[in-house]
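Undergrad: Below is one structure. I have some questions about it.
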Amino acid sequence: MDYQSLIHQTKYGEAAKELQKLLDSEPNDNKRRLLAMCLWFTDKAEDALQVITQIEYPTLRDYQLIADIHWQLNNWDEMGIALRSTLRICQSATSYYRLAIAERRGRYLYKIDAASKEIMQGYLSKATDFEDCPVQAYIFFAELCEPEKLDRKLNILFKMSNGL
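The sequence shown maps to residues 2 to 165 in our numbering.
Following this line, the structure appears as structure tokens:
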């Protein structure tokens with residue numbers, strides 16, 4: 002069975018084996034992307050990372066996957082690098098929100114220093130400027146900010162939710 006059929010059937014482990022065979026004979030970025038996704042879906046994050054970093058011409062989606070893999074592995078600096086690469090291609094609320102997560106580094110809020118808190122607030126402020134900002138970004142922002150700093154951002158959110 003070919004790798005496309007296997008992926009369609011969510012047989013990612015088998016699809017990864019087929020893709021690896023094809024990559025050995027016909028290497029290209031599209032097959033590397035698919036192989037990295039299949040490996041990631043089968044909980045082989047390190048292997049997926051090794052494959053996806055071999056892509057010659059990374060796309061926005063490649064950088065997003067790299068960030069996801071680093072997030073799973075708690076590689077916060079590398080996650081931030083990948084997300085900043087996404088911003089060079091296309092700025093988005095999600096990328097800014099996830100940069101705040103990377104800056105948090107898995108720490109409890111009470112263990113975050115003032116400088117990191119300020120950086121996270123900056124990212125979240127940028128995220129909330131987008132209409133498609135995830136609600137989680139507003140919640141995270143609320144946890145970090147003084148109530149008076151949130152008024153403008155919350156008014157935007159309420160206006161957007163009333164318009165739906």
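Backbone N, C-alpha and C fix where the C-beta goes; we use that ideal spot for every residue, glycine too.
Cα separation between aspartate 44 and phenylalanine 131?
TA: 32 Å
Undergrad: Let me know the secondary structure DSSP gives serine 93 once reduced to three states.
TA: coil
Undergrad: Considering only the beta carbon of each residue, do alanine 49 and alanine 37 sit closer than 8 Å?
TA: Going by C-beta atoms, alanine 49 is nearer than 8 Å to alanine 37.
Undergrad: Restricting to Cα atoms, I'd like to know which of Ala17, Leu40, Gln10 is closest to isoleucine 70.
TA: With distances taken between Cα atoms, isoleucine 70 lies closest to Leu40.
Undergrad: Three or more C-beta pairs under 8 Å: does that hold for the segment 113-122 against the segment 81-89?
TA: no
Undergrad: Taking its Cβ as the centre, do 16 or more other Cβ atoms sit within 10 Å of aspartate 133, making it buried, or is it exposed?
TA: exposed
Undergrad: What did DSSP end up calling cysteine 146 once you bin it into helix, strand or coil?
TA: coil
Undergrad: Comparing C-alpha positions only, which one of Asn75, Ala115, Ile102, Tyr58 sits nearest to isoleucine 90?
TA: Tyr58
Undergrad: Between which two residues does the alpha helix (DSSP H) holding asparagine 31 run?
TA: 30-42
Undergrad: Please report how far the alpha carbon of cysteine 146 lies from the alpha carbon of leucine 35, in whole angstroms.
TA: 40 Å
Undergrad: For valine 136, count the other beta carbons within 10 Å of its own beta carbon; 16 or more makes it buried, fewer makes it exposed. Which is it?
TA: So valine 136 counts as exposed.
Undergrad: So what's lysine 18 in DSSP terms, helix, strand or just coil?
TA: helix
Undergrad: Suppose the cutoff is 8 Å on Cβ atoms and the five residues either side in sequence are ignored; what does the same chain contact list for leucine 61 look like?
TA: Thr87, Ile90, Cys91
Undergrad: The alpha helix (DSSP H) that contains methionine 121, what's its start and end?
TA: 115-128
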